[in-house]
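Residue numbers (the UniProt record's numbering), protein chains in the order written: chain A, 1 to 378; chain B, 1 to 378; chain C, 1 to 378; chain D, 1 to 378.
Accompanying notes for the structure given below.
Protein chains: 4
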Amino acid sequence: MTDREQMTLTSAGYYVSQEAPIVTDNPVATPASAPPDILRCAYMELVVTDLAASREFYVDILGLYVTEEDDQAIYLRSTEEFIHHNLVLRKGPVAAVAAFSYRVRAADDLDKAVAFFTELGCEVRRSEDGFVKGIGDAVRVIDPLGFPYEFFHQTDHVERMSWRYDLHVPGELVRLDHFNQMTPDVPRAVKYMQDLGFRVTEDIQDESGTVYAAWMRRKPTVHDTAMTGGDGPRMHHVCFATHEKHNILAICDKLGALRRSDAIERGPGRHGVSNAFYLYLRDPDGHRVEVYTQDYYTGDPDNPVITWDVHDNQRRDWWGNPVVPSWYTDGSLVLDLDGNPQPVIARTDSSEMAVTVGADGFSYTRRDEREGKLGNQL
Amino acid sequence: MTDREQMTLTSAGYYVSQEAPIVTDNPVATPASAPPDILRCAYMELVVTDLAASREFYVDILGLYVTEEDDQAIYLRSTEEFIHHNLVLRKGPVAAVAAFSYRVRAADDLDKAVAFFTELGCEVRRSEDGFVKGIGDAVRVIDPLGFPYEFFHQTDHVERMSWRYDLHVPGELVRLDHFNQMTPDVPRAVKYMQDLGFRVTEDIQDESGTVYAAWMRRKPTVHDTAMTGGDGPRMHHVCFATHEKHNILAICDKLGALRRSDAIERGPGRHGVSNAFYLYLRDPDGHRVEVYTQDYYTGDPDNPVITWDVHDNQRRDWWGNPVVPSWYTDGSLVLDLDGNPQPVIARTDSSEMAVTVGADGFSYTRRDEREGKLGNQL
Amino acid sequence: MTDREQMTLTSAGYYVSQEAPIVTDNPVATPASAPPDILRCAYMELVVTDLAASREFYVDILGLYVTEEDDQAIYLRSTEEFIHHNLVLRKGPVAAVAAFSYRVRAADDLDKAVAFFTELGCEVRRSEDGFVKGIGDAVRVIDPLGFPYEFFHQTDHVERMSWRYDLHVPGELVRLDHFNQMTPDVPRAVKYMQDLGFRVTEDIQDESGTVYAAWMRRKPTVHDTAMTGGDGPRMHHVCFATHEKHNILAICDKLGALRRSDAIERGPGRHGVSNAFYLYLRDPDGHRVEVYTQDYYTGDPDNPVITWDVHDNQRRDWWGNPVVPSWYTDGSLVLDLDGNPQPVIARTDSSEMAVTVGADGFSYTRRDEREGKLGNQL
Amino acid sequence: MTDREQMTLTSAGYYVSQEAPIVTDNPVATPASAPPDILRCAYMELVVTDLAASREFYVDILGLYVTEEDDQAIYLRSTEEFIHHNLVLRKGPVAAVAAFSYRVRAADDLDKAVAFFTELGCEVRRSEDGFVKGIGDAVRVIDPLGFPYEFFHQTDHVERMSWRYDLHVPGELVRLDHFNQMTPDVPRAVKYMQDLGFRVTEDIQDESGTVYAAWMRRKPTVHDTAMTGGDGPRMHHVCFATHEKHNILAICDKLGALRRSDAIERGPGRHGVSNAFYLYLRDPDGHRVEVYTQDYYTGDPDNPVITWDVHDNQRRDWWGNPVVPSWYTDGSLVLDLDGNPQPVIARTDSSEMAVTVGADGFSYTRRDEREGKLGNQL
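Following this line, the structure appears as structure tokens:
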């Protein structure tokens with residue numbers, strides 16, 4: 001954390017500062033090896049228990065494009081994607097995440113990835129033919145936080161569907177935007193991710209410096225991934241972007257028409273963090289999917305870092321609508337490189353839900369008033 | 001109520017029937033006098049306790065146009081209105097509704113209104129110069145349900161602001177859409193309103209025929225007013241329409257920016273009833289204001305009447321998001337013709353909130369499954 | 001025409017007046033018989049030369065819903081329609097309009113229609129089983145202007161698709177909005193339509209009182225039909241409404257993707273007249289289809305009538321974009337009751353195209369400046 | 001140009017290839033010095049002849065935020081910008097562009113800029129205090145194409161207005177998107193820009209390899225600048241992005257309301273190139289401003305390069321609407337480092353307008369048909 005004295009309070013109620021405002025007293029060591037040059041989050045490999053049910057959700061309802069499929073796996077992409085896929089649905093016995101996969105700038109970044117994670121003492125595997133279809137030489141690791149991370153450069157190119165308006169649906173998902181991970185110790189996670197080349201764009205803290213979540217990017221959006229404080233390693237969500245807000249509303253309307261409105265977990269709403277318009281869904285296995293639009297450009301090296309007060313009731317929802325408890329507590333298991341679920345470690349820092357709602361928490365709409373909408377409603 | 005055997009279940013989960021599916025065993029007598037020919041809901045006269053605070057809410061935030069104002073009252077209209085006003089804010093000691101005002105087709109409809117309500121034994125007053133500025137000859141009554149209703153034809157014309165895009169705001173309110181009233185006995189209220197010339201478009205019932213709410217129209221939209229079951233007579237809300245859904249989201253965003261997100265009570269969301277996109281706000285006195293867009297044409301005499309099952313969790317919010325308790329319980333007092341608050345009579349039929357949430361209630365997403373999203377979330 | 005001295009110039013540049021500002025020196029006689037009580041424009045019967053090509057256009061591209069079809073005809077409806085159809089595509093040798101069909105309030109309005117048009121000396125036919133599927137007792141006439149008009153009340157009810165968001169497309173057409181007819185003598189046409197119960201909402205005139213077009217309504221929108229000055233009787237267009245502007249843009253995008261952008265004749269743009277957002281397409285036979293959204297409520301009997309100056313370059317397109325010549329000159333033939341094309345009579349009044357563009361015309365952006373964008377561009 | 005045999009024709013009608021498909025036989029020499037690491041286009045300095053008129057256009061109409069102003073210059077920024085400005089309006093005798101300014105990654109990139117352009121034989125000036133307010137150490141050059149280019153890193157930070165929805169207008173401009181330059185020899189220009197570190201994303205060619213325009217980027221959008229074939233050096237336009245398409249329509253509506261629709265030169269429409277939704281305006285001095293939304297991510301090093309056939313009538317407008325001649329022919333002068341207009345050199349290659357319209361040109365909607373909409377309309 002950074003002392004708030006060193007931050008600037010904005011007219012909108014959050015703070016800005018120049019340096020990433022998070023420090024840890026329990027750091028992962030910084031490797032001497034340079035990290036790979038990561039371009040962006042590229043795809044998630046998701047293990048699902050009922051491939052047909054998942055296909056219905058991601059293809060028939062959400063309208064992702066099928067690049068390739070067989071009876072074991074479905075390779076899906078968003079409208080403007082030109083690489084082979086943004087999501088792999090693989091049939092398996094336990095719903096979990098098999099890989100958070102990032103694309104690197106060049107083939108030799110894979111060597112850097114191997115060196116970086118080997119030096120960190122992580123389990124590292126490399127497959128010259130890739131671990132999934134459409135992807136060539138790839139490195140998979142269990143990172144210091146326990147997550148299965150993949151790095152690759154080579155991939156088959158496919159046609160961008162951006163001009164194929166004849167195939168678009170009202171809720172068109174145009175690109176993979178980001179991942180979100182649950183981990184017990186956010187400052188420790190942030191420090192490691194910074195070593196890996198990520199930059200913090202926003203975070204949530206309290207006055208005493210407890211960090212509840214942090215957003216980090218490689219591509220110049222608010223994030224390629226975020227670290228959400230909670231029991232972990234678990235996957236909080238994977239997020240696709242739409243062009244406009246009505247596209248997100250159309251997804252809700254369609255779920256209602258299909259009598260699947262219970263797939264809507266939270267939203268739609270406007271985030272405080274990121275300023276994006278959002279919706280959270282749960283797929284047939286309970287994996288959380290966000291749909292999101294209109295955050296902001298973050299590509300300058302001195303991009304101001306935003307810190308939100310955890311008690312600001314507009315940080316998670318700019319309209320002050322309450323966050324459902326499941327959104328704080330639920331997450332997907334992640335797998336080790338042999339396909340077994342990683343053990344989950346409990347968070348010991350205070351939880352965002354506990355400090356903002358209920359007897360021990362509070363949230364304000366206006367900084368000088370303790371009582372917010374949330375307290376009145378529940 | 002009508003037996004569900006006489007209704008047709010649609011593919012979207014609601015029922016349709018040809019005749020207004022509500023009967024009462026406690027009717028208001030039908031007058032022999034013909035009712036006035038009502039065109040539409042035209043304006044509400046609202047008593048507010050702090051005129052400056054209300055002006056800030058309705059003018060600075062919501063962007064209604066000021067036709068005329070002095071230190072006692074402000075006359076406001078929506079973008080496309082050509083009559084003098086759609087809302088009067090009048091300063092007074094107790095927040096309440098002084099009049100639900102309807103425009104009638106011709107001057108002699110006022111004579112009909114006098115005859116109709118006199119025959120009903122109601123208190124009736126007529127003012128040739130109108131009760132407020134901009135309105136000529138008018139009749140005010142306390143109707144059989146205890147509400148202060150006004151009827152008028154003559155009004156000053158003002159310029160429609162539809163082409164004045166230079167003055168429009170992101171959350172532009174384009175027309176007054178409807179009123180919504182709370183009354184203990186909905187079937188009794190509906191019967192009287194039908195005598196007054198209104199037609200039912202939708203309602204909410206349970207299987208045993210208890211009616212929880214009904215929507216009624218003169219102009220060919222889903223409603224000019226609705227009767228919501230609850231302690232009454234009280235005003236549930238007044239509603240303005242926007243052109244597009246993003247206009248409604250813009251109002252939420254603006255309230256967040258002003259750190260007034262606690263003015264957002266419920267939504268935004270998609271209604272099941274009416275199929276409109278909606279938002280509920282509370283003004284500085286707690287008066288509830290809805291913003292709404294995109295219901296459907298109802299002007300044919302055989303327009304199918306829609307009945308929703310009270311346990312259908314998508315009836316109030318098509319996305320299954322929960323209704324906050326205050327939305328069911330809170331309402332504004334209404335005044336008698338001398339300006340004193342009308343006494344509130346308790347509803348004795350079961351309440352919609354009680355039968356849909358909590359230990360004694362249930363809501364379903366799919367007709368054959370008892371467990372819905374609401375039950376899981378709260 | 002009405003003297004401009006009797007009109008009020010608005011801040012947006014058009015005039016308003018209380019009385020319909022059009023008079024004719026060549027009137028159709030007013031029948032002693034009362035006209036039928038028309039509810040709204042209900043459907044158009046269109047003769048097409050290639051049923052498969054038309055089905056592709058109206059169903060696959062525009063997304064209208066098929067109520068019923070066989071190898072001779074296709075019955076289509078828009079999303080929120082509950083009557084059997086809004087458009088009949090019937091296979092025939094010559095592309096033309098077989099009927100402009102209006103729904104009347106009650107069965108006995110058909111007797112009134114017979115009396116009204118018989119007194120006018122028109123050819124009148126009645127079919128108790130209707131002239132097309134899904135419609136019962138109906139009256140067809142060749143009206144005094146030469147157009148095949150139909151009136152009916154009985155129709156089969158079908159399910160409204162408004163809640164079936166799972167079937168909606170990005171360019172969803174939600175309702176039939178209006179017809180538009182080409183006729184040489186607009187004032188004569190208006191007088192007859194007023195006798196039939198229509199009310200004028202807007203018109204285009206020049207200072208000397210030549211009327212170039214007029215809009216008339218039964219339902220409370222800007223029009224159920226309009227009379228456009230030109231060689232006639234011909235059909236100018238049939239119009240469907242969408243909910244939002246992006247729906248109209250989506251139709252353009254889809255036509256581009258299908259390499260059918262040449263089906264876009266004019267727009268998208270914002271009308272001055274009606275204030276609606278619009279697009280004009282041409283179907284495979286050249287029939288013109290408008291898509292339109294967000295005009296305004298006109299249901300009050302004293303709704304101000306709007307008159308636009310023919311030289312105001314923002315009257316047809318509020319953004320001043322030029323009208324393509326084909327939009328002024330092209331129209332569809334209409335059929336007599338035996339299915340033969342009606343002869344076309346040339347307009348003798350000056351044409352709107354001639355007085356606004358070219359050597360003999362002018363258009364202004366600002367009232368006091370003769371030179372507008374149009375003149376500069378062409 | 002690249003042989004079309006080496007390109008892949010997509011289902012949408014354009015070609016893709018892996019390498020930038022443009023070669024020149026008249027190259028600017030490649031410097032041995034490394035180019036500066038450019039982050040993005042950052043601001044344009046525009047000389048205007050009437051500061052008050054320009055302020056009305058950019059502030060009152062377009063809603064840009066004033067960071068700072070005096071009687072000589074106004075410093076403006078878009079909603080989400082955190083650097084001092086995106087546009088400087090400076091009062092001067094001749095309307096022109098004084099600088100196309102790019103932000104570089106670090107302070108020492110300015111040394112690289114000096115070395116790079118000095119080696120190219122260009123005029124180079126450096127000002128440690130910057131050339132305008134809010135910008136520190138900066139380098140200005142007249143580049144090999146004759147354009148005044150600026151590079152800077154240091155800038156004052158200002159508050160992002162993204163969360164200040166209370167200040168947003170319906171046509172909110174959220175970021176500076178790109179510049180567009182007119183130059184006679186596009187392949188020569190592209191080669192030099194590639195040396196400067198830009199990557200080609202799209203271009204327009206004919207079958208014989210004549211290049212009519214090319215788009216190039218540093219940040220991962222379709223472009224930071226484009227080279228449009230024409231007499232030059234001149235500025236074709238500067239472009240701001242909005243969040244949604246309706247924001248662009250709102251600007252048109254507002255211009256109509258202000259009776260300034262003649263400021264709309266072309267559009268709104270959908271580009272083929274970039275897939276963005278667009279509008280072109282002309283400011284009071286005739287400087288062209290584009291408003292634009294929703295292109296696509298281009299940040300991967302193997303991002304497929306798109307080549308459009310110059311005869312494809314959907315390349316400039318996906319809906320096939322004609323491009324007005326002024327859009328091809330008009331441009332703004334650019335200044336040398338002393339503030340004098342640069343001489344304009346005529347293009348000798350064939351012009352895009354000439355090869356696509358008129359007696360010697362053609363445009364097709366479908367590849368195998370010569371006749372397109374454009375030919376039919378004009």
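Glycine included, C-beta positions come from ideal geometry on N, C-alpha and C.
Being a predicted model, the structure only gives us computed values, none of them experimental.
Residue i, enclosing alpha helix (DSSP H) - first and last residue
{"i": "residue 52/A", "result": "51–55"}
{"i": "residue 325/D", "result": "325–329"}
{"i": "residue 192/B", "result": "186–195"}
{"i": "residue 117/D", "result": "109–119"}
{"i": "residue 356/A", "result": "352–356"}
Buried versus exposed call for residue i [16 or more other C-beta atoms within 10 Å across all chains shown]
{"i": "residue 314/D", "result": "buried"}
{"i": "residue 9/A", "result": "exposed"}
{"i": "residue 376/C", "result": "Its pLDDT being 46, under 50, residue 376/C is placed unreliably in this model, and the coordinates cannot settle the point."}
{"i": "residue 367/A", "result": "exposed"}
{"i": "residue 300/A", "result": "buried"}
{"i": "residue 66/C", "result": "exposed"}
{"i": "residue 380/C", "result": "Residue 380/C lies beyond the range of chain C shown here (1 to 378); nothing can be said about it."}
{"i": "residue 177/A", "result": "buried"}
{"i": "residue 11/B", "result": "exposed"}
{"i": "residue 260/D", "result": "buried"}
{"i": "residue 331/B", "result": "buried"}
{"i": "residue 286/A", "result": "exposed"}
{"i": "residue 295/C", "result": "buried"}
{"i": "residue 184/B", "result": "buried"}
Sequence-distant residues of its chain with Cβ nearer than 7 Å to residue i (five each side left out)
{"i": "residue 88/C", "result": "43, 45, 46, 73, 75 and 132"}
{"i": "residue 33/C", "result": "112, 115, 116 and 119"}
{"i": "residue 361/A", "result": "354 and 355"}
{"i": "residue 326/D", "result": "265"}
8 Å Cβ shell around residue i - same chain, five flanking residues per side excluded
{"i": "residue 374/B", "result": "The pLDDT assigned to residue 374/B is 49, lower than 50, so where the model puts this residue is not dependable; a value taken from the coordinates is nonetheless given after this. So the qualifying residues of the chain are 313, 320, 322, 356, 357 and 363."}
{"i": "residue 341/B", "result": "94, 96, 333, 334 and 335"}
{"i": "residue 207/D", "result": "4 and 309"}
According to DSSP, residues forming a beta bridge with residue i
{"i": "residue 68/A", "result": "75/A"}
{"i": "residue 165/A", "result": "Bridge partners of residue 165/A: none, in fact."}
{"i": "residue 269/A", "result": "278/A"}
{"i": "residue 91/B", "result": "48/B"}
Limits of the beta strand (DSSP E) - the one that residue i falls within
{"i": "residue 5/B", "result": "Premise fails: residue 5/B is in no beta strand (DSSP E) and is neither H nor E."}
{"i": "residue 122/C", "result": "Segment: none, residue 122/C is in no beta strand (DSSP E) and carries neither H nor E."}
{"i": "residue 254/D", "result": "Segment 245–257 is the alpha helix (DSSP H) holding residue 254/D; no beta strand (DSSP E) there."}
{"i": "residue 359/C", "result": "Here residue 359/C belongs to no beta strand (DSSP E), and DSSP marks it neither H nor E."}
Task: 3-residue-minimum beta strand (DSSP E) runs that sit fully inside the region 277–323 of chain D, ordered along the chain - done: 277–282, 288–293 and 305–309
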